[in-house]
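For the sequence shown, position 30 (counting from the first letter as 1) is numbered 30 according to UniProt numbering, and the numbering increases by one without interruption. A virtual CB, placed ideally from N, CA and C, is assigned to each residue, including glycine. Here the structure comes first, spelled out in structure tokens, and everything after it is commentary.
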Amino acid sequence: MALSDYLVTDDLTIILALVAAGLFLLHNLYKPQALVHPILLGRQSDVARVRNPTESAVYRNYSTGMLGRFPLRPSKDQHVLLDLVKPDADAPRSLWSTKITNPELRERVANIGAGLMRLAGLAPQESNVLLLLNDGIEFLLADLALASSSIPSFTLSSLSLLSTVLENHPPSAIITQADFLTQLLEHVYDINESNNHTIIVVGDIDSLKLPRLNNIKIVPWDDLEREGASVEKAALPVPDPNEVFTVSFFETPSGGYEGVQLTHQNLTAGVAATRALMPPSNAISPLDTIISAYSLSTPYGRTIAYTALFEGTGFATVDSTKLIKRDDAPSLTGLKDLRTTANYRTPSPTILFVRPDHLDSLSTSILHEAKRSSWLLHNLAWRHKLANILEGFITKQSLWDRLVFDSARVKVMGQGAGTVRAVIVSGGPLEAQALTPARIALSVPVINAHSHPLVAGPVFASHALDLQTFPTSNAAPSPSAADAYAFTYLAPVGPPSVNVEAKLTGLDDAAVEAGADPIGALHVRGPSVGRPLSAEEEPEEEELRGWRATGERAKVAPNGTFKVAIGSKV
Numbered sequence: 001m002a003l004s005d006y007l008v009t010d011d012l013t014i015i016l017a018l019v020a021a022g023l024f025l026l027h028n029l030y031k032p033q034a035l036v037h038p039i040l041l042g043r044q045s046d047v048a049r050v051r052n053p054t055e056s057a058v059y060r061n062y063s064t065g066m067l068g069r070f071p072l073r074p075s076k077d078q079h080v081l082l083d084l085v086k087p088d089a090d091a092p093r094s095l096w097s098t099k100i101t102n103p104e105l106r107e108r109v110a111n112i113g114a115g116l117m118r119l120a121g122l123a124p125q126e127s128n129v130l131l132l133l134n135d136g137i138e139f140l141l142a143d144l145a146l147a148s149s150s151i152p153s154f155t156l157s158s159l160s161l162l163s164t165v166l167e168n169h170p171p172s173a174i175i176t177q178a179d180f181l182t183q184l185l186e187h188v189y190d191i192n193e194s195n196n197h198t199i200i201v202v203g204d205i206d207s208l209k210l211p212r213l214n215n216i217k218i219v220p221w222d223d224l225e226r227e228g229a230s231v232e233k234a235a236l237p238v239p240d241p242n243e244v245f246t247v248s249f250f251e252t253p254s255g256g257y258e259g260v261q262l263t264h265q266n267l268t269a270g271v272a273a274t275r276a277l278m279p280p281s282n283a284i285s286p287l288d289t290i291i292s293a294y295s296l297s298t299p300y301g302r303t304i305a306y307t308a309l310f311e312g313t314g315f316a317t318v319d320s321t322k323l324i325k326r327d328d329a330p331s332l333t334g335l336k337d338l339r340t341t342a343n344y345r346t347p348s349p350t351i352l353f354v355r356p357d358h359l360d361s362l363s364t365s366i367l368h369e370a371k372r373s374s375w376l377l378h379n380l381a382w383r384h385k386l387a388n389i390l391e392g393f394i395t396k397q398s399l400w401d402r403l404v405f406d407s408a409r410v411k412v413m414g415q416g417a418g419t420v421r422a423v424i425v426s427g428g429p430l431e432a433q434a435l436t437p438a439r440i441a442l443s444v445p446v447i448n449a450h451s452h453p454l455v456a457g458p459v460f461a462s463h464a465l466d467l468q469t470f471p472t473s474n475a476a477p478s479p480s481a482a483d484a485y486a487f488t489y490l491a492p493v494g495p496p497s498v499n500v501e502a503k504l505t506g507l508d509d510a511a512v513e514a515g516a517d518p519i520g521a522l523h524v525r526g527p528s529v530g531r532p533l534s535a536e537e538e539p540e541e542e543e544l545r546g547w548r549a550t551g552e553r554a555k556v557a558p559n560g561t562f563k564v565a566i567g568s569k570v
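Structure follows, in structure tokens:
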């Protein structure tokens, strides 16, 4: 048989061959490219070349480098808190339910500051004020007014610390909500404190039945602002950036309490680190609206709020951040908590700072809706979206989003389905297996960060476009490997933020020299790290100064990304 007999083809064979070739070309030409080059993800921390015995080397963000200078402020003009409210930005934006411009905000801050000195009798660098306020514009006004007047503020992460702080750190004045005034007076009476107190009250108190206490002076917030607006404001000296403007009290894992002193520079450095969470190509802008699940009474929550002020974005917080809650108020988590921001007159959210329970609830609900609408299409869409993520690519504009996920997001997120463009999650342990479903469901960058009460801003944060996933081992750990096993299923929280350096102590040197990933007690330092009240005097050696123990254990991978066991004992 001649060779030509084997090459005989009909029209169907030719058509099938052309279709196969076309599909092959389409697959390769339209295969998505990774959003960030894998080389950039292989070395995310810059590591010191030497280390001390039982300690790891010092780690810094690779973009900063070991010899780079830490950013102390978002731009050169922001030295103190009030500088974050740029006077030349006069576009209105919504803070909770209040639409306000920067000049109007600065004017109200000046009025509150003048009112505090006249009606409350406060004096710069002599008085201090306890802020017992829920998140709202009054908190920001009071905080900015006090910081600009060199009057330190106290904040509490929980009301359970109130009696302890009143006994050990009695304030010159207290600013609180009207619906907490009765309980506050009871606290003051219970500790048998004879000091004179001035209490500034936000809200209506005419309907309250208040006990008469001779050493208590009550000043309505509206009177304070009205009085400040009626007088000529004297020019105050600009505070020093290294001046402590607040002390934030928080509960420790052991059941005690600690306070961290934050300077203006700590906060401006925290804002610089928070802005760096987003890549420059998708930076935060005045067109954004930020929703936060972190109380302004915490350093991290306050930094997020001041980042929104600096960028000119809209801002609101969820109900679970409230310091003062009604006794009959339900405990909100997850999606129900996120939906409470609908009570505020803010535009649709674009950037979410949430906890792991919020992220899990969002992604689970979206995937459930998508599967319920069409089981077959959901499976096909899942496979294609997963393949894209494995290639390092993510988008909300694909065919599968239009067919399957867009409608599911609308049912779950409402208007935010089309506007949310980034999610930053922190505040608790996040399992690695939760990241991929969240990325498929939301199809936006999901940044896993780590925060701590000692630090204004993020301590660690994953790269916004790092979509890597790593398989976990199913092998049962030996007792000696229990420590390593604790980190197996945690999602990485990325490298140190742009102005934090980190190291681990208490390492097993033999294991590290044999090639094991370092595991030890986490210590951090940098311009965004505050000083605890209990801190001893700083050592004279430069290499030892500023290091703060976080009370957590961490593990660092060869690519410079960390995993942190939150709440672990060290």
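Which residues DSSP lists as bridging residue i, in chain order
i           : result
residue 505 : 55, 521
residue 257 : 251
residue 461 : 449
residue 563 : 555
residue 216 : 197
residue 430 : DSSP lists no partner for residue 430.
residue 494 : 562
residue 246 : 153, 262
N-terminal and C-terminal residue of the beta strand (DSSP E) that residue i is part of
i           : result
residue 553 : 548-556
residue 99  : 98-100
residue 424 : 422-425
residue 487 : Careful: residue 487 lies outside any beta strand (DSSP E) and carries neither H nor E.
residue 169 : Premise fails: residue 169 is in no beta strand (DSSP E) and is neither H nor E.
residue 317 : 314-317
residue 291 : 289-292
Heavy atom of the ligand SAH within 7 angstroms of residue i beta-carbon
i          : result
residue 35 : Judged by which ligands are present, the structure shown has none, so any question about the ligand SAH falls away.
Backbone CA spacing between residue i and residue j [nearest angstrom]
i           : j           : result
residue 565 : residue 386 : 28 angstroms
residue 424 : residue 232 : 43 angstroms
residue 372 : residue 440 : 16 angstroms
residue 550 : residue 503 : 11 angstroms
residue 378 : residue 68  : 47 angstroms
residue 405 : residue 367 : 8 angstroms
residue 412 : residue 456 : 32 angstroms
residue 112 : residue 321 : 24 angstroms
residue 465 : residue 285 : 19 angstroms
residue 108 : residue 226 : 10 angstroms
residue 239 : residue 154 : 18 angstroms
residue 308 : residue 148 : 19 angstroms
residue 290 : residue 361 : 19 angstroms
residue 222 : residue 248 : 26 angstroms
residue 348 : residue 510 : 53 angstroms
residue 72  : residue 268 : 6 angstroms
residue 16  : residue 48  : 59 angstroms
Run of the alpha helix (DSSP H) containing residue i, from where it starts to where it stops
i           : result
residue 456 : Unbroken run through residue 456: none, as it is neither H nor E.
residue 38  : 38-42
residue 139 : 137-148
residue 183 : 181-190
residue 176 : Not the alpha helix (DSSP H): residue 176 falls in the beta strand (DSSP E), residues 173-177.
residue 407 : 406-413
residue 238 : No alpha helix (DSSP H) contains residue 238, which DSSP labels as neither H nor E.
8 angstroms Cβ cutoff met for residue i and residue j
i           : j           : result
residue 94  : residue 339 : no
residue 119 : residue 201 : no
residue 241 : residue 263 : yes
residue 469 : residue 436 : yes
residue 277 : residue 554 : no
residue 427 : residue 260 : no
residue 351 : residue 293 : no
residue 556 : residue 518 : yes
residue 144 : residue 297 : no
residue 106 : residue 92  : no
residue 493 : residue 64  : no
residue 490 : residue 429 : yes
residue 196 : residue 168 : no
residue 507 : residue 56  : yes
residue 303 : residue 270 : yes
Q.
For a minimum of 4 consecutive residues, which ranges assigned as the alpha helix (DSSP H) are wholly contained in the stretch 324-398?
A. 334-338, 356-373, 375-390
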